[in-house]
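Q:
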Amino acid sequence: MTLLSKLFAKKSPLNESELLVIDEALDKHRTSLFPYGILTLTNKVEAYQLNNKIIVEISLPFAALSDLDMVAGSLSNEFGKPLSFECELAIRPVREHGINNVKNIVAIASGKGGVGKSTTTVNIARALQLEGARVGILDADIYGPSIPAMLGKPNEKPVSSDGKTMSPIDADGITSMSIGYLVPDSDAAVWRGPMASSAFNQLLNETEWPQLDYLLIDMPPGTGDIQLTLSQKVPVAGAVVVTTPQDIALADAQKGIAMFDKVKVPVLGVVENMSYHVCEKCGHQAHLFGQDGGKDIAELNNVNLLGQLPLNIQVRQDADLGDNLFDDISNSDICGQYRKIARNIASTLFYSLDINSPSTPKVVRSDSE
Numbered sequence: 001m002t003l004l005s006k007l008f009a010k011k012s013p014l015n016e017s018e019l020l021v022i023d024e025a026l027d028k029h030r031t032s033l034f035p036y037g038i039l040t041l042t043n044k045v046e047a048y049q050l051n052n053k054i055i056v057e058i059s060l061p062f063a064a065l066s067d068l069d070m071v072a073g074s075l076s077n078e079f080g081k082p083l084s085f086e087c088e089l090a091i092r093p094v095r096e097h098g099i100n101n102v103k104n105i106v107a108i109a110s111g112k113g114g115v116g117k118s119t120t121t122v123n124i125a126r127a128l129q130l131e132g133a134r135v136g137i138l139d140a141d142i143y144g145p146s147i148p149a150m151l152g153k154p155n156e157k158p159v160s161s162d163g164k165t166m167s168p169i170d171a172d173g174i175t176s177m178s179i180g181y182l183v184p185d186s187d188a189a190v191w192r193g194p195m196a197s198s199a200f201n202q203l204l205n206e207t208e209w210p211q212l213d214y215l216l217i218d219m220p221p222g223t224g225d226i227q228l229t230l231s232q233k234v235p236v237a238g239a240v241v242v243t244t245p246q247d248i249a250l251a252d253a254q255k256g257i258a259m260f261d262k263v264k265v266p267v268l269g270v271v272e273n274m275s276y277h278v279c280e281k282c283g284h285q286a287h288l289f290g291q292d293g294g295k296d297i298a299e300l301n302n303v304n305l306l307g308q309l310p311l312n313i314q315v316r317q318d319a320d321l322g323d324n325l326f327d328d329i330s331n332s333d334i335c336g337q338y339r340k341i342a343r344n345i346a347s348t349l350f351y352s353l354d355i356n357s358p359s360t361p362k363v364v365r366s367d368s369e
């Protein structure tokens with residue numbers, strides 16, 4: 001269709017029985033994200049037919065477009081014609097923080113280095129974006145910033161229109177800020193703790209963030225003074241702890257969870273990275289670093305196991321090259337796992353507010369034109 005034909009195309013209203021079919025499908029979609037169905041969590045469902053295709057406009061309180069895709073598939077079969085959802089995310093801030101245009105700040109942390117935290121941060125950001133959210137990344141690793149390279153922007157420099165604030169760097173719709181955009185790595189590596197903390201505060205507060213549903217903070221690895229200081233200063237809505245199944249990594253992950261408990265930051269869950277390796281020839285899963293360690297640490301602390309990610313050579317290669325893992329359809333399996341983790345984070349953050357406990361709000365449906 002041309003742009004003009006889209007503008008002047010006639011919308012045909014659905015009849016009451018067709019609207020009821022859509023409502024029932026949304027109500028019956030029960031998953032861990034929607035234990036009482038999607039219909040209970042939306043205040044907008046508007047459906048109409050356009051050029052032999054059914055369009056359903058809907059709102060969701062957290063990023064979860066994949067669930068709507070599942071419902072759309074079943075409804076398309078039932079109606080015998082294409083059906084798609086146009087979703088508007090109505091995400092609310094979980095915690096007041098004073099950062100302009102940012103709704104929720106989520107810390108991605110690890111008790112030690114080498115567990116794939118920064119790679120996980122980048123891919124969770126991209127997964128949240130695919131689930132419908134507006135996402136940014138703040139690289140808090142002042143001593144070893146890696147986000148610029150992983151986003152494919154190692155040589156970019158922020159610009160300032162007023163000499164007081166900076167515009168973040170855009171990479172395929174993901175906005176980011178990092179000390180790596182501003183100074184050479186060798187300069188940042190010799191900064192003392194107070195200088196690093198001051199630099200971080202400037203990056204957070206002097207960046208002109210666009211409208212963001214989620215700002216992910218890639219925390220420096222470890223649980224020392226710098227990590228504790230950042231955890232106290234940053235008004236985060238929740239934290240995600242990345243670990244591997246190794247005993248030594250789990251011990252440090254436990255310290256990370258304890259650190260967030262100390263500063264009263266809710267831990268949204270644990271991501272177990274490098275959980276297993278899948279043989280390309282036979283499909284056998286080998287647990288090279290131990291099995292279910294992340295699951296055990298999550299259960300011990302009564303937090304969610306957000307996901308278990310395999311060792312995957314394409315993940316490593318794309319991180320090194322700054323390529324987007326999600327651009328290649330052959331990566332659909334691992335990308336699907338990242339998207340599931342992203343939905344788990346978004347829904348856990350939403351349900352962390354008592355007022356968001358499942359209920360049955362009134363669905364507002366406007367008259368179709």
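The opening position of the sequence shown corresponds to residue 1 in the UniProt record's numbering, with each subsequent residue numbered one higher.
The beta-carbon is built from N, C-alpha and C at its ideal position, and this holds for glycine as well.
Curious, which full-length beta strand (DSSP E) runs of at least 3 residues does the region 291-350 contain?
A: With a minimum length of 3 residues, the continuous beta strand (DSSP E) runs that stay inside the region 291-350 are 305-308.
Q: In terms of residues, what are the limits of the alpha helix (DSSP H) holding F289?
A: Locating residue 289 in the sequence shown gives position 289, counting from the first residue. No alpha helix (DSSP H) contains F289, which DSSP labels as neither H nor E.
Q: Roughly how many whole angstroms lie between the Cα atoms of A109 and K262?
A: As a first step, residue 109 must be located in the sequence shown, where it is residue number 109. As a first step, residue 262 must be located in the sequence shown, where it is residue number 262. One C-alpha to the other measures close to 15 Å.
Q: Taking C-alpha atoms, which residue in N100, D296, P220 and H29 lies nearest to S178?
A: By 1-based counting over the sequence shown, the position of residue 178 is 178. When only C-alpha atoms are compared, the closest one is P220.
Q: Could you check what DSSP says for E131 in three-state terms: helix, strand or coil?
A: Residue 131 sits at position 131 when you count from the first residue of the sequence shown. Looking at E131 - three-state DSSP - the assignment turns out to be coil, as it is neither helix nor strand.
Q: Could you compute how far the alpha carbon of Y351 sits from the alpha carbon of G290?
A: Translated into positions along the sequence shown, residue 351 becomes position 351. Translated into positions along the sequence shown, residue 290 becomes position 290. Looking at the two C-alpha atoms, the distance is approximately 31 Å.
Q: Compute the beta-carbon to beta-carbon distance between A127 and Y214, rounded to the nearest angstrom, for a pair I have assumed lies under 8 Å.
A: Translated into positions along the sequence shown, residue 127 becomes position 127. Translated into positions along the sequence shown, residue 214 becomes position 214. About 11 Å separates the two Cβ atoms, so there is no contact after all.
Q: Do you know whose CA, among D27, P35, T42 and Y48, lies nearest E16's CA?
A: For the purposes of this step, residue 16 is taken as the residue at position 16 of the sequence shown. Of the listed residues, the one whose Cα sits closest to E16 is Y48.
Q: With a 10 Å radius around its C-beta and 16 neighbouring C-beta atoms as the bar for buried, classify G111 as buried or exposed.
A: Locating residue 111 in the sequence shown gives position 111, counting from the first residue. Classification for G111: buried.
Q: Compute the Euclidean distance between the alpha carbons of Y338 and E88, then round it to the nearest angstrom.
A: Counting from 1 along the sequence shown, the entry for residue 338 is found at position 338. Counting from 1 along the sequence shown, the entry for residue 88 is found at position 88. Those two C-alpha atoms are separated by around 22 Å.
Q: Can you tell me which residues form a DSSP beta bridge with F85?
A: Position 85 of the sequence shown, counted from the start, is the residue given in the question as residue 85. F85 pairs with V56.
Q: Check the C-beta distance from V106 over to L349 and give it rounded, since I have them as a contact under 8 Å.
A: Walking along the sequence shown from the start, residue 106 turns up at place 106. Walking along the sequence shown from the start, residue 349 turns up at place 349. Yes, they are in contact, since the Cβ atoms of V106 and L349 sit about 7 Å apart, within 8 Å.
Q: Considering only the alpha carbon of each residue, which of L309, D318 and T31 lies closest to V115?
A: For this step, residue 115 is matched to residue 115 along the sequence shown. Looking at the Cα atoms, L309 is the closest of the given residues.
Q: Using beta-carbon positions only, say whether T173 and Q232 come within less than 7 Å of one another.
A: Counting from 1 along the sequence shown, the entry for residue 173 is found at position 173. Counting from 1 along the sequence shown, the entry for residue 232 is found at position 232. It is Gly, not Thr, that sits at residue 173 in the sequence shown. No, the Cβ-Cβ distance between G173 and Q232 is not below 7 Å.
Q: Mind checking which residues open and close the alpha helix (DSSP H) that includes A199?
A: Residue numbering aside, residue 199 sits at position 199 when the sequence shown is read from its first letter. Where A199 is concerned, the enclosing alpha helix (DSSP H) stretches over G193 to N205.
Q: Using the three-state DSSP reduction, which class does Y181 fall into: helix, strand or coil?
A: Position 181 of the sequence shown, counted from the start, is the residue given in the question as residue 181. If DSSP states are grouped into helix, strand and coil, Y181 belongs with the helices.
Q: Give a yes or no on whether the C-beta atoms belonging to I38 and H29 are separated by under 7 Å.
A: Translated into positions along the sequence shown, residue 38 becomes position 38. Translated into positions along the sequence shown, residue 29 becomes position 29. In this structure, H29 lies closer than 7 Å to I38 by Cβ.
Q: Measure the alpha-carbon distance for D327 versus Q314 and round it to whole angstroms.
A: The residue given as residue 327 occupies position 327 in the sequence shown. The residue given as residue 314 occupies position 314 in the sequence shown. Spanning the two alpha carbons is a distance of roughly 12 Å.
Q: L14 to A125, Cα distance in whole Å?
A: For the purposes of this step, residue 14 is taken as the residue at position 14 of the sequence shown. For the purposes of this step, residue 125 is taken as the residue at position 125 of the sequence shown. The alpha-carbon atoms of L14 and A125 are separated by roughly 37 Å.
Q: Check whether the Cβ atoms of residue 370 and V242 lie closer than 7 Å to each other.
A: Missing from the structure shown is residue 370; the chain here goes from 1 to 369 and no further.
Q: In terms of residue numbering, what span does the alpha helix (DSSP H) encompassing P148 cover?
A: Counting from 1 along the sequence shown, the entry for residue 148 is found at position 148. Counting along the chain, the alpha helix (DSSP H) containing P148 begins and ends at I147 to M150.
Q: Since residue 436 and A64 are thought to touch, with beta carbons under 8 Å apart, how far apart are those beta carbons, to the nearest angstrom?
A: Lying outside 1 to 369, the shown extent of the chain, residue 436 is not represented and no answer is given.
Q: Report the rounded CA-to-CA distance for L204 versus G152, giving the unit in angstroms.
A: By 1-based counting over the sequence shown, the position of residue 204 is 204. By 1-based counting over the sequence shown, the position of residue 152 is 152. Whole-angstrom Cα-Cα distance: 21 Å.
Q: Does the beta-carbon of L300 have 16 or more other beta-carbons within 10 angstroms, so that it is buried, or is it exposed?
A: Position 300 of the sequence shown, counted from the first residue, corresponds to residue 300. Exposed.
Q: Could you check what DSSP says for K281 in three-state terms: helix, strand or coil?
A: Along the sequence shown, read from residue 1 onward, the residue named residue 281 stands at position 281. The answer is coil: DSSP assigns K281 none of H, G, I, E or B.
Q: DSSP three-state call for T243: helix, strand or coil?
A: Translated into the one-based positions of the sequence shown, residue 243 becomes position 243. Strand.
Q: Find the nearest neighbour of Q254 within the set D318, Q285, Q227 and G294, judged by alpha-carbon distance.
A: As a position in the sequence shown, residue 254 is number 254, starting the count at 1. The option with the nearest alpha carbon to Q254 is G294.
Q: Can the beta-carbon of L353 be found closer than 7 Å to that of V94?
A: On the sequence shown, residue 353 is found 353 positions in, with the first residue counted as 1. On the sequence shown, residue 94 is found 94 positions in, with the first residue counted as 1. Cβ distance < 7 Å, so L353 and V94 count as in contact.
Q: Can you check DSSP and say which residues form a bridge with D140?
A: As a working mapping, residue 140 is identified with position 140 in the sequence shown. What sits at residue 140 in the sequence shown is Ala, not Asp. In DSSP, A140 forms no bridge with anything.
Q: If you check the beta carbons only, do I217 and S176 fall under 7 Å apart?
A: Taking the first residue of the sequence shown as 1, we reach residue 217 at position 217. Taking the first residue of the sequence shown as 1, we reach residue 176 at position 176. Going by C-beta atoms, I217 is not nearer than 7 Å to S176.
Q: Does DSSP classify M274 as helix, strand or coil?
A: As a working note, residue 274 is residue 274 in the sequence shown. Three-state result, M274: coil.
Q: Could you check whether M70 and G322 sit closer than 7 Å to each other, using their CB atoms as the reference points?
A: Here residue 322 corresponds to residue number 322 of the sequence shown, with the count starting at 1. Here residue 70 corresponds to residue number 70 of the sequence shown, with the count starting at 1. Cβ distance not < 7 Å, so G322 and M70 don't count as in contact.
Q: Per DSSP, what are the beta-bridge partners of Q49 in this structure?
A: In the sequence shown, counting from the first residue as 1, residue 49 sits at position 49. Q49 is bridged to S12 and I54.
Q: Going by CA-CA distance only, name the one from N52, E57, N104 and D27 that's closest to K81.
A: On the sequence shown, position 81 is the one that residue 81 refers to. If we check each option's Cα against that of K81, N52 comes out closest.
Q: Is the CB-CB distance between L68 and L75 below 7 Å?
A: Your numbering for residue 68 matches position 68 in the sequence shown. Your numbering for residue 75 matches position 75 in the sequence shown. No, Cβ-Cβ distance for L68 and L75 is not below 7 Å.
Q: Fully enclosed by the region 84-118, which beta strand (DSSP E) runs are 3 residues long or longer?
A: You should have 102-109.
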